[in-house]
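The sequence shown maps to residues 2 to 372 in the numbering used here.
We put the CB at the ideal spot given by N, CA and C, even for glycine.
It should be emphasised that the depicted structure is a prediction, and the values quoted were computed from it without experimental measurement.
The structure appears right after this line, and notes come after that.
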Amino acid sequence: MELEQLAKKMEEDGYQRIASNVEQITLFLKREGEKTCGVCLVDDRTGILDGSAMFETVMKKTEEKLKDCEHDLLALIVTNDVEREKLHQESSYAFWLLDVVGGRRIVFERQPIGFHGLEGIVEDVLDRTRGEWAAEAARARKNGAGAAAPGRQSPYSHWAYSHRVGWKNYLCSVNTVIILLNVVMFVWMELSPEGPDLWRYRHGALYVGGYFENPELWRNLASAFIHFDFVHIFSNMLVLWFTGRTVESFLGWWRYALLYLVSILGSDLVSLLWYWWVGRWNVVTAGASGAVFGVVGMLLFIMLYERGRNGRIPLSQILILIFFVLYAGSSSEGVNHSAHLGGLLTGFLSGALFYRGPVRSGARRPGEGKR
Numbered sequence: 002m003e004l005e006q007l008a009k010k011m012e013e014d015g016y017q018r019i020a021s022n023v024e025q026i027t028l029f030l031k032r033e034g035e036k037t038c039g040v041c042l043v044d045d046r047t048g049i050l051d052g053s054a055m056f057e058t059v060m061k062k063t064e065e066k067l068k069d070c071e072h073d074l075l076a077l078i079v080t081n082d083v084e085r086e087k088l089h090q091e092s093s094y095a096f097w098l099l100d101v102v103g104g105r106r107i108v109f110e111r112q113p114i115g116f117h118g119l120e121g122i123v124e125d126v127l128d129r130t131r132g133e134w135a136a137e138a139a140r141a142r143k144n145g146a147g148a149a150a151p152g153r154q155s156p157y158s159h160w161a162y163s164h165r166v167g168w169k170n171y172l173c174s175v176n177t178v179i180i181l182l183n184v185v186m187f188v189w190m191e192l193s194p195e196g197p198d199l200w201r202y203r204h205g206a207l208y209v210g211g212y213f214e215n216p217e218l219w220r221n222l223a224s225a226f227i228h229f230d231f232v233h234i235f236s237n238m239l240v241l242w243f244t245g246r247t248v249e250s251f252l253g254w255w256r257y258a259l260l261y262l263v264s265i266l267g268s269d270l271v272s273l274l275w276y277w278w279v280g281r282w283n284v285v286t287a288g289a290s291g292a293v294f295g296v297v298g299m300l301l302f303i304m305l306y307e308r309g310r311n312g313r314i315p316l317s318q319i320l321i322l323i324f325f326v327l328y329a330g331s332s333s334e335g336v337n338h339s340a341h342l343g344g345l346l347t348g349f350l351s352g353a354l355f356y357r358g359p360v361r362s363g364a365r366r367p368g369e370g371k372r
């Protein structure tokens, strides 16, 4: 794929091409409502960025052109040396790498996986040229060709798409740690000789009546990692796996951890207030779904904030997901709907409070309460 093909596709999508005084740098701008989308395309195969300091300078100058309007900014860095570009991970600016050697798009952790539909444009062009790139790569391997050197024709002309955040990042993410903690707690409960009912209460399940008489605040956190049966934990962890990793990629690890904690507390608060209001005290409640709905609420906010374009999950799919999860819960016996609603509202309101764009650089004896 020629660079010019990508540029033309962007222009067809409404981007305006603006040349700079540096041949290897081109700025593309597109107006979307009240926001301006800026894409800085940098051909760094010859090492013009020369480390992170030059990258910061280029991005600051680009941002100065947009200082008078609300904007989102992304750098597309074309490179034949991924290790060299890793220095930019400390930057506050968002960027993707276009690796000419591996023929892939690289998105590092805490970088946006989508940008106002630009990822779709890239994928479309790459899909058309994947076979051609593969053939050229095979010829290069046969001839013993190495990385593209400055001044040579780069294999960037025919990249094959590969959105790779990497399994290492998934396994080391906060979302994966949360899922593993839930699974460990469930296995511990199943193997315990004291029986699941006693184990659940001893290790943090919330008995509403007892909590009102003698609040044990540690139970608010512990109960979110306790489940009643396999279907209960499987459904919660399945939704968390597909939504949590997306939300964490937008928020970063510490804001995602904070969101999860706040969603636990928010869902518990709404749940306890509901049971107090209706006078149902003989209830044991536990499960991660209040926090999971908090994650879904945040994802809904992000999709609305980004107008459904920044990310790989369309807004329509988020709404369908929420509908079916609520429907499945309403058709099951003993589900704590107040915790679901509390988590969803908490997650959505948390987005309104601290989300300002993508990060750059959970049949028992005493009543219902399954969350």
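Under a three-way DSSP split, which group does residue i fall into?
i      : result
Arg111 : coil
Gln373 : Residue 373 lies beyond the residue range present for the chain, which begins at 2 and ends at 372; the question has no answer from this structure.
Leu98  : strand
Thr47  : coil
Trp105 : A small fix is needed here, since residue 105 is Arg in this sequence, not Trp. Strand at Arg105.
Leu218 : coil
Glu307 : coil
His341 : helix
Ile227 : coil
Gly377 : This structure leaves residue 377 out entirely; the chain is present only between 2 and 372.
Arg85  : helix
What does residue i pair with, by DSSP beta-bridge criteria?
i      : result
Cys38  : Lys31, Asp73
Thr286 : Leu207
Ala20  : Thr27
Val79  : Asp44, Leu99
I think residue i touches residue j, with their Cβ atoms under 8 Å apart; what is that distance to the nearest whole Å?
i      : j      : result
Asp45  : Ile78  : 5 Å
Ile107 : Val123 : About 12 Å; that fails the 8 Å criterion.
Ala340 : Ser272 : 4 Å
Phe29  : Met11  : 5 Å
Gln90  : Phe109 : 6 Å
Ile321 : Leu241 : That belief does not hold up - the Cβ atoms of Ile321 and Leu241 are roughly 17 Å apart, past 8 Å.
Glu64  : Leu74  : 6 Å
Ile265 : Ala225 : 5 Å
Using CA atoms only, rank isn't needed, just tell me which of the options is closest to residue i.
i      : options                        : result
Tyr261 : Val336, Ala206, Val293, Thr286 : Val293
Tyr1   : Gln112, Arg85, Asp100          : Nothing about residue 1 can be read from this structure; the chain reaches only from 2 to 372.
Val297 : Tyr202, Asn22, Met190, Phe251  : Phe251
Gln25  : Lys10, Glu12, Leu42, Leu350    : Leu42
His72  : Gly211, Lys10, Val40           : Val40
Trp200 : Ala54, Ser351, Leu259, Phe187  : Phe187
Asp69  : Thr37, Phe231, Gly291          : Thr37
Gly344 : Ile303, Asn337, Ser268, Leu300 : Ser268
His228 : Leu192, Ala289, Trp219, Val175 : Ala289
Gly245 : Met60, Trp219, Asn183, Ser174  : Ser174
Ala287 : Glu195, Asn221, Gly118         : Asn221
Tyr276 : Phe213, Gly295, Leu4           : Phe213
Asn81  : Leu67, Asp198, Met60, Arg105   : Arg105
> Is the number of C-beta pairs between the region 228-248 and the region 267-284 that are closer than 8 Å three or more?
Replying inline: no
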